[in-house]
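For reference, the structure discussed in these notes is given below.
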Amino acid sequence: MKTNIAKRIAFLSTYPPKECGLATFTEDLVNAIDENTETSSVQTCIMAMTKNEEYTDSRVAFHVKQEDRSSYKEAAAWANTHVDLVIIEHEYGIFGGTAGEYVIDFAKELQIPFIVTTHTVLLRPTSKQRSVLRELGKLSTKVVTMAESSIPVLKGSYDIAGRKIMFIPHGVPSMKMVSREQLKSYYPALKNKQIISSFGLISPAKGLEYGIQALAKVVKQYDDVIYLILGKTHPTVKEKMGEAYRQSLMDLAETLGVRDHVQFVDKYLTKEEVITYLQLSDMYLTPYLSAEQAVSGTLAYAMGYGRVIISTPYRYAQEMLGEGRGLLARFRDEDSLADCIRTVLGNPERKADMEIRTMAVGRTMTWENVASQYVELCLKTIDENRNSLTSDTQIPLVPLEKKMTFSFNKTSQVKGMKA
């Protein structure tokens with residue numbers, strides 16, 4: 005029988021202050037659910053994957069120690085008595101064990117339904133990666149993908165039943181658009197310039213050196229171009245190699261004679277900063293090296309603000325930039341990237357058309373819309389699960405206010421964004 009009592013949804017994920025795209029995604033999604041007055045039938049909390057992080061958001065209700073296998077079973081026991089449904093934000097690297105296999109211990113102990121949101125769907129996984137995601141898919145009630153191109157991969161390579169798979173796009177913030185030229189005027193170095201930008205946590209996988217090499221070819225014809233490289237070095241990269249990659253990019257720009265055309269902003273950007281930089285950009289560039297990338301949060305944000313996007317043809321870019329919504333360059337090819345940049349600079353009418361096409365899709369991806377789809381899916385899943393159980397097999401939930409370390413509230417702080 006249906007009830008008006010709010011359904012309790014827990015998200016198993018990294019979470020700010022952890023600086024990673026998964027943490028930001030989860031915070032943005034939870035904020036959107038909590039801020040939507042139409043979703044008051046849902047109460048959210050976070051089961052945070054942790055190493056040494058300290059959390060200030062009161063929605064963090066349980067800490068799961070990444071490398072402590074027993075912690076995963078303890079987390080499942082807590083979820084079974086405190087929430088109606090769990091959403092596992094799945095990325096291999098955030099869970100302990102080989103290919104993040106400890107998350108399977110958590111899934112097997114759950115006695116409530118759970119949904120998996122796939123942030124990485126590899127075309128050529130290792131045998132262990134394939135078995136982990138296949139097992140999660142088998143145990144789950146639903147599997148969400150943020151790229152429609154991943155649906156046949158989940159069915160074929162991972163043997164996940166098609167009836168379980170659902171497409172919900174990556175969300176983007178909804179903020180008032182401001183004139184590009186007006187924003188540029190606030191920054192003397194950017195006024196009257198053509199701006200190319202890339203943002204996110206910096207790592208060699210981003211292929212930013214090809215962007216700099218392409219810029220060096222373009223400025224010979226268009227000397228008013230500035231390339232903004234925005235973001236901190238990825239914590240894992242910094243731990244292994246310090247700032248060597250960032251320094252190599254600065255050295256490359258110096259060697260090619262374009263150091264004055266490349267500006268680095270070395271910080272983890274807030275949502276407001278990301279949006280400001282996107283809105284003042286004429287082009288957004290993702291010269292990533294891997295064709296495997298199924299989702300890119302930074303590209304999704306650029307879509308949301310109607311920017312012209314130039315990208316290498318990784319899977320998500322191919323899907324999002326079809327039908328004239330952007331330009332695709334060859335992998336590891338600065339000449340191809342330079343040709344795309346020149347196409348935009350030399351064809352203002354085509355640029356305007358691409359922005360209109362991109363914005364039309366981006367506006368359907370607002371966090372408000374995405375949150376509504378998740379809430380609908382969660383409520384339907386909970387109802388279907390309860391209807392399949394007899395009253396004497398249902399698990400009584402412990403009142404949150406009596407057992408939780410933290411109380412719930414509806415905060416809306418957003419820390420930043422990455423790819």
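My numbering applies: residue 5 is where the sequence shown begins, and numbers increase by one.
Don't be surprised by glycine CBs; every beta carbon is placed ideally from N, CA and C.
This one's a predicted model, so the numbers in the text were calculated from it and none came from an experiment.
Neighbourhood of residue i by C-beta, 6 Å cutoff - its chain only, sequence neighbours within 5 removed
i	result
residue 24	18
residue 182	283
residue 108	139
residue 235	203, 204, 205 and 206
residue 188	194, 195 and 284
residue 280	none
residue 9	none
residue 55	70
Residue i CB to nearest heavy atom of the ligand FMN below 6 Å
i	result
residue 45	Looking for the ligand FMN in the displayed structure turns up nothing, as the structure carries no ligands at all.
Other residues of its chain near residue i: CB distance less than 7 Å, five sequence neighbours each side excluded
i	result
residue 341	214, 215, 218, 291, 314 and 333
residue 304	174, 176 and 369
residue 146	119, 168, 170, 381 and 385
residue 143	111 and 112
residue 271	236
Among the options, nearest to residue i - alpha-carbon criterion
i	options	result
residue 57	22, 275 and 15	22
residue 119	154, 170 and 152	170
residue 73	288, 372, 111 and 63	111
residue 266	279, 250, 272 and 273	250
residue 178	366, 89 and 100	366
residue 311	282, 108 and 125	282
residue 193	30, 231 and 244	231
residue 199	128, 180, 227 and 126	227
residue 32	335, 93, 206 and 236	93
residue 40	371, 383, 327 and 236	371
residue 317	335, 357, 309 and 247	335
residue 325	180, 254, 115 and 364	364
residue 225	243, 159 and 349	349
residue 327	253, 359 and 245	359
residue 78	60, 98, 62 and 106	106
residue 136	388, 163, 115 and 54	163
Whole-Å CB distance - residue i paired with residue j, under 8 Å assumed
i	j	result
residue 151	residue 323	6 Å
residue 375	residue 36	4 Å
residue 96	residue 133	6 Å
residue 154	residue 122	7 Å
residue 329	residue 362	5 Å
residue 276	residue 127	Rounded, the Cβ-Cβ distance is 36 Å, inconsistent with contact.
residue 197	residue 229	7 Å
Proximity of residue i and residue j at Cβ, strictly below 7 Å
i	j	result
residue 1	residue 320	Because the chain is modelled from 5 through 423, residue 1 falls outside the range shown and cannot be assessed.
residue 27	residue 49	no
residue 14	residue 83	yes
residue 302	residue 203	yes
residue 223	residue 269	no
residue 125	residue 157	yes
residue 205	residue 238	yes
residue 70	residue 100	yes
residue 51	residue 34	no
residue 53	residue 98	yes
Chain-order list of residues whose beta-carbon lies under 8 Å from that of residue i (same chain, five-residue window excluded)
i	result
residue 347	331 and 354
residue 43	Any answer about residue 43 is weak, because its pLDDT of 49 lies below 50 and its placement is not dependable; what the coordinates show is given next. Excluding positions up to five away in sequence, the list reads 37, 375, 376 and 379.
residue 339	218 and 221
Residue-level contact to chain C via CB, residue i, 7 Å cutoff
i	result
residue 235	Among the protein chains of the structure shown there is no chain C, as only one such chain exists.
**OP:** Tell me, please, whether the stretch 87-99 touches the stretch 253-264 by the rule of three or more beta-carbon pairs shorter than 8 Å.
**Re:** no
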